[in-house]
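Below is one structure; the comments refer to it alone.
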Amino acid sequence: MYRLPEEHLQKAIEIAQNNRIKKNCKVCYDRGYIGTTEENLLVVCHKCVNMDKSMRDWKEYVKSVPELMEQFQS
Numbered sequence: 012m013y014r015l016p017e018e019h020l021q022k023a024i025e026i027a028q029n030n031r032i033k034k035n036c037k038v039c040y041d042r043g044y045i046g047t048t049e050e051n052l053l054v055v056c057h058k059c060v061n062m063d064k065s066m067r068d069w070k071e072y073v074k075s076v077p078e079l080m081e082q083f084q085s
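Here the sequence shown is numbered in my numbering, starting from 12 and rising by one per residue.
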């Protein structure tokens, strides 16, 4: 099973926080994400984050890192 390295998880958190559209959120407690999965992937908050923009930003980041591009090809 592939596990996302910590440095890429930090980038995912940064992307989620940059794409927040609400100031206060009771779902994620103002973090922009709910938690992580077993694969160390971020679970983004659906209430306060612009999901389309955050996915677009994540895909751009994945394209810039060959190791991630290999894992997340679609």
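Virtual Cβ for every residue (Gly too), placed ideally from N, Cα, C.
For clarity, every value in this text was computed on a predicted model and none was experimentally measured.
Residue range of the unbroken beta strand (DSSP E) whose run includes residue i
| i | result |
| --- | --- |
| Val-60 | Unbroken run through Val-60: none, as it is neither H nor E. |
| Ile-45 | 44-47 |
| Leu-53 | 53-55 |
Residue i versus residue j - alpha carbon distance
| i | j | result |
| --- | --- | --- |
| Cys-60 | Val-54 | According to the sequence shown, residue 60 is Val rather than Cys. When rounded, the distance between both Cα atoms is 11 angstroms. |
| Asn-42 | Ala-23 | At residue 42 the sequence reads Arg, which differs from the Asn that was named. Each residue's alpha carbon lies about 12 angstroms from the other. |
| Glu-39 | Asn-30 | It is worth fixing the name first, because residue 39 is Cys in this sequence and not Glu. Answer to the nearest angstrom: the Cα atoms are 14 angstroms apart. |
| Glu-50 | Tyr-44 | 15 angstroms |
| Met-62 | Asp-68 | 10 angstroms |
| Pro-77 | Leu-52 | 17 angstroms |
Opening and closing residue of the alpha helix (DSSP H) in which residue i lies
| i | result |
| --- | --- |
| Tyr-26 | In the sequence under discussion, the amino acid at residue 26 is Ile, which differs from the Tyr named in the question. From DSSP, the alpha helix (DSSP H) with Ile-26 extends over 17-29. |
| Met-80 | 77-82 |
CB-CB length for residue i against residue j, believed under 8 angstroms
| i | j | result |
| --- | --- | --- |
| Met-66 | Lys-74 | Not quite, the Cβ-Cβ distance comes to about 13 angstroms (not below 8 angstroms), so this is no contact. |
Contact check, residue i vs residue j, beta carbons under 8 angstroms
| i | j | result |
| --- | --- | --- |
| Lys-33 | Lys-58 | yes |
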